[in-house]
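**Student:**
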Amino acid sequence: MKKLLLLGLPFLVYGFEVQFNKTFSHEMLPDELSTSLNISSEKKNEKDVLSSLDVYTRFIQKSKIIEKSSNSITLFPQYKYKDGESTFLGYKGSVNYKITTPKSKNMKEFLEEFYEIKHDSNLTISLSALKWNFSKESMEKSEELLRLEAIKWSQNYAKTLSKDLKTECTTKQIMINQNNVRPRVYANEMSMSKASSDFSMPLPELLNEEQTLNAHIILECK
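Under this note's numbering, think of the first position of the sequence shown as 7, with each following residue one higher.
#1: Leaving aside the five residues before and after Asn77 along the sequence, list all residues of the same chain whose C-beta is less than 8 Å from its C-beta, in chain order.
#2: Just to confirm, are Lys88 and Leu95 a CB contact at a threshold of 9 Å?
#3: Taking the Cβ atom as the reference point for each residue, do Ile182 and Ala164 lie within a distance shorter than 9 Å?
#4: Helix, strand or coil for Ala164? Go by DSSP, reduced to three states.
#5: Which residues mark the beginning and the end of the beta strand (DSSP E) in which Phe120 is found?
#6: When we look at the beta-carbon of Lys49 and count the other beta-carbons within 10 Å, is it buried (16 or more) or exposed?
#7: Would you tell me roughly how many angstroms separate the C-alpha atoms of Lys137 and Ser31, rounded to the nearest one?
#8: On the three-pair Cβ rule with 8 Å, is the stretch 56-75 touching the stretch 100-119?
#9: Excluding the 5 residues preceding and the 5 following Gln67 in the sequence, name in chain order all residues of the same chain whose CB lies nearer than 6 Å to its CB.
#10: Using 8 Å as the cut-off, can you tell me whether the stretch 141-155 makes contact with the stretch 113-133, which would need three or more C-beta pairs spanning the two stretches below that distance?
#11: I'd like to check one pair, Gly99 with Ser47: are the Cβ atoms closer than 9 Å?
#12: Compute the distance between the beta-carbons of Leu39 and Pro208, then report whether it is under 9 Å.
#13: Locate the alpha helix (DSSP H) running through Lys53, then write down its first and last residues.
#14: One question on the structure: do Tyr97 and Pro83 come within less than 9 Å of each other, judged by their Cβ atoms?
#15: Tell me His125's beta-bridge partners as DSSP assigns them.
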């Protein structure tokens, strides 16, 4: 189809340009399993809130089988308002962690040990859906491979076009769009309070994911 369109182009003295879009893709295995943890506690005083959260933060920080990142602990007072008057109820504190690991068995081991920690009725733990995604390093490697594929393809196509049109065509420019990668989600968010102390979330199967790169290619023929 491209050849038919090209034959209809006027052959100007200074040549002409051919522009089109093309998608390049390949499959690769995600290399990072991740989830988000939210731990919140409600107590009458600040010290008890921080002490309650500290049990979990110390466990997470000491773990050597996962990578973790967190924001600072948030702490704020709680009030009940009625008839224009406020009644102090206590304090609520929370902390969030992002947990990642390249090995699903490490995630399973970490979560099982995490949920074995005893906690009281005023503490709530929320676990987001487990999902496989790509680390920054693997994404950069994938993008590099797809860019190289786009360059090689455009050069080969320019040679084919040159032969068909009996002219000299070269790659003038390749404009790359961002990769399109959709993380695979395997489970819904899970919460644990006093009534539930058992961990039971299926770990996701590691499957190939397609990564795509959209390129706008400009060839110049003279």
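Heads up, the beta-carbon is just placed ideally off N, CA and C, and yes, glycines get one too.
**Tutor:** From the atom records:
#1: Correct list, in chain order: Val101, Asn102.
#2: no
#3: no
#4: Residue state, collapsed to three classes: helix.
#5: In the DSSP annotation of this structure, Phe120 is not part of any beta strand (DSSP E); the continuous alpha helix (DSSP H) holding it starts and ends at 110-120.
#6: Burial of Lys49 is indicated by the presence of at least 16 other C-beta atoms within 10 angstroms of its C-beta.
#7: The straight-line gap from Cα to Cα measures roughly 21 Å.
#8: yes
#9: none
#10: no
#11: yes
#12: no
#13: Taken as a continuous stretch (DSSP letters only), the alpha helix (DSSP H) holding Lys53 covers 52-68.
#14: yes
#15: Answer is none; His125 lacks a bridge partner.
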